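Report on the following structure.
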Amino acid sequence: MQRPKKLEAPQGKLAVLLPGLGAVSTTFISGCLLARRGLAPPIGAITQTGTIRLGKRTDGRSPKIQDFAPLAQLSDMCFGGWDLFSDNAYEAATNAQVLESKHLDPIKDELSAIKPMSAVFYPEYVKRLTGTNVKVGKNKAEMVEQVREDVRTFIKNNGCSRAVAVWCGSTEIYLEPKPVHQSIAAFEKGLLESDPNISNSMIYAWALLKEGVPYANGAPNLSVDIPAMHELARETQTPTAGKDFKTGQTLMKTILAPGLKARMLGMKGWFSTNILGNRDGEVLDDPDNFKSKEVSKLGVLEEILQPGTYPELYGDLYHKVRINYYPPRGDAKEGWDNIDIFGWLGYPMQIKVDFLCRDSILAAPLVLDLALFMDLGHRAGFRGVQEWLSFYFKSPMTAPGLYPEHDLFIQSMKLKNTLRWMMGEELITHLGHEYYD
Ligand SMILES: NC(=O)c1ccc[n+]([C@@H]2O[C@H](COP(=O)([O-])OP(=O)(O)OC[C@H]3O[C@@H](n4cnc5c(N)ncnc54)[C@H](O)[C@@H]3O)[C@@H](O)[C@H]2O)c1
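Numbering (the working numbering), first residue to last: 652 to 1088.
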């Protein structure tokens, strides 16, 4: 791949389109509105606070990423979304009970003006929800056309020059890749026949890619991770990314596991359990929807620890993940981990983690970074799966035939090196020249 020509600062407004206007979306939008008025800090977003070292350590060049890469500005972002509930973003944020009124009140008018477009919602993929703000059409192909029309209308009415999309809708039931997912032709036939293997999120993704809108998937369902979408993304020169925002417990797992492995400590078991009480938790209480999440969460340790290469350390690992819906906690999830490790001569030890986190507070900055980096990648001519954004996902999508990288630190290095490469800077290998010069 050729390096992109010098990337200029973007012109015009960026539409950020969010299928699913629930807890994560409204927390993200609110944070951006507050941050651009200087009312609250956008903590946790690499694009807003992160720095990047350039050249040799002695050069002393470590600009902020936002001063180095020509990202869109918060003030140039314009927010829209779809939901089966007709609550505007202020009402949805109030229902989600993530942010306090001291944060919602100053932006009430701006949030209230964000009204969800009607959703593509075939209920069999998310059985726990029923809403009335839904599209009607004779088949799934017609639904794709309606979403495409929504995108064009939104861009036009809001005077935007381009758009990106981040799926923040509920987790759908577990689906496996089927023949209908294998090519553009098979998928388009499936849309006309309303094939049951084409879920709601796939309909959005198809419409968005057709419109050349980059699409990142924050949930674990397949959505854009099928060969037909990869083919369409290449054809329309559009970036894709996914799956499943890497937040609470899995974030901890991908911080701890690489460290334990780097020290060649063995592991017999990792038991993870969670309680959460938001709408996401309610949807995940359905075993079919939980299955999507479980598959996404379980892959992490296997890929990081490589039991095939280190059978004596990780060959007998027992890994279990549970999610329990517990309404009193709302969005304030609690995740417990018990890790059984062993060291020198095989002596056992235990690590306990109790993370009292806030789900949407951890997810919101990821939506912001993804929107800005997907837009940047698109302007740099990137297309298809954006593996350099694996940093943000529990179950990173890869180009066909490759294994995913889960180690947070390798992911971070890959992200920054991609930015350096994109901007014509030397890649950093962390090799110290003083050893051999
Ligand atoms: N830390 C996190 O919060 C986190 C981490 C990883 C993944 N996720 C995923 O992000 C997604 C959003 O999480 P949330 O906490 O905001 O959930 P939420 O339930 O508050 O919001 C999801 C919204 O999507 C809407 N929706 C469902 N199907 C839709 C469709 N077909 N079209 C339009 N809207 C639809 C629902 O009505 C709901 O308002 C979930 O899939 C969740 O699993 C969240």
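Even glycine gets a Cβ: it sits at the ideal position worked out from N, Cα and C. This structure is a prediction, so every number in the text was calculated from the model and none was measured.
Requested in this report: Report whether the distance from the Cβ of Lys707 to the nearest heavy atom of ligand 1 is below 8 Å.
Outcome: The answer is no for Lys707.
Requested in this report: Quick one: using the 10 Å Cβ neighbour count with 16 as the cut-off for buried, is Met1000 buried or exposed?
Outcome: Counting the other Cβ atoms within 10 Å of the Cβ of Met1000 gives fewer than 16, which makes it exposed.
Query - Three-state class that DSSP yields for His881 in the structure shown - result: Look at His881 here: in three-state DSSP terms it is helix.
Query raised in the report: Ala744: buried (16+ other C-beta within 10 angstroms of its C-beta) or exposed?
Result: Burial state of Ala744 is buried, judged by a 10 Å Cβ sphere holding 16 or more other Cβ atoms.
Query raised in the report: Name the DSSP bridge partner or partners of Thr891?
Result: Checking the DSSP bridge columns, you'll see Thr891 partnered with Tyr866, Val1036.
Report task. Using only alpha-carbon positions, find the residue among Lys664, Val777, Leu964, Pro714 that is nearest to Ser726. Result -> Closest option to Ser726, Cα to Cα, is Lys664.
Requested in this report: Spell out the partners DSSP gives Gln1001 in its beta bridges.
Outcome: Paired residue(s): Asp991.
Query raised in the report: Would you call the segment 729-740 and the segment 780-787 in contact, with 3 or more CB pairs under 8 Å?
Result: Short answer: they touch.
Query raised in the report: Rounded C-beta distance between Ala666 and Cys811? I'm assuming under 8 Å.
Result: By a beta-carbon distance limit of 8 Å, Ala666 contacts Cys811. Their separation comes to about 4 Å.
Report task. Give a single yes or no on whether Lys759 has its beta carbon closer than 8 Å to a heavy atom of ligand 1. Result -> A distance criterion of 8 Å places the beta-carbon of Lys759 beyond contact range of ligand 1, judged by its closest non-hydrogen atom.
**Report entry** Lys897 classed as buried or exposed, judged by whether at least 16 other C-beta atoms fall within 10 angstroms
**Finding:** With a threshold of 16 other beta carbon atoms within 10 Å, Lys897 meets it and is buried.
Query raised in the report: Which of the three DSSP states, helix, strand or coil, is assigned to Arg813?
Result: In the three-state reduction of the DSSP assignment, Arg813 falls in the strand class.
Query raised in the report: When you compare only the Cα positions, how much space is there between Ala867 and Val875?
Result: Using only the alpha carbons, I get a separation of about 8 Å.
Query raised in the report: Taking DSSP as the reference, what is the three-state secondary structure of Glu985?
Result: Note: Glu985 maps to strand in three-state DSSP.
Query raised in the report: Under the rule that 16 or more other beta-carbon atoms within 10 Å means buried, what is Tyr976, buried or exposed?
Result: By the beta-carbon neighbour count (other beta carbons within 10 angstroms, threshold 16), Tyr976 is buried.
Query - Proximity winner among Asn1068, Arg1071, Ser821, Tyr855, relative to Ser676 (alpha-carbon distances) - result: The shortest Cα separation from Ser676 among Asn1068, Arg1071, Ser821, Tyr855 belongs to Ser821.
Requested in this report: Starting from Pro661, follow the beta strand (DSSP E) in both directions and report where the run begins and ends.
Outcome: Careful: Pro661 lies outside any beta strand (DSSP E) and carries neither H nor E.
Query - Beta-carbon proximity list for Asp936, same chain, < 6 Å, skipping 5 on both sides - result: Tyr976.
**Report entry** Alpha-carbon spacing of Leu1017 relative to Gly695, whole angstroms
**Finding:** Straight-line Cα distance between these residues: approximately 8 Å.
Requested in this report: Entirely within the segment 751-797 and at least 3 residues each: give me those beta strand (DSSP E) ranges in chain order.
Outcome: For the segment 751-797, not a single whole beta strand (DSSP E) run of length 3 or above is found.
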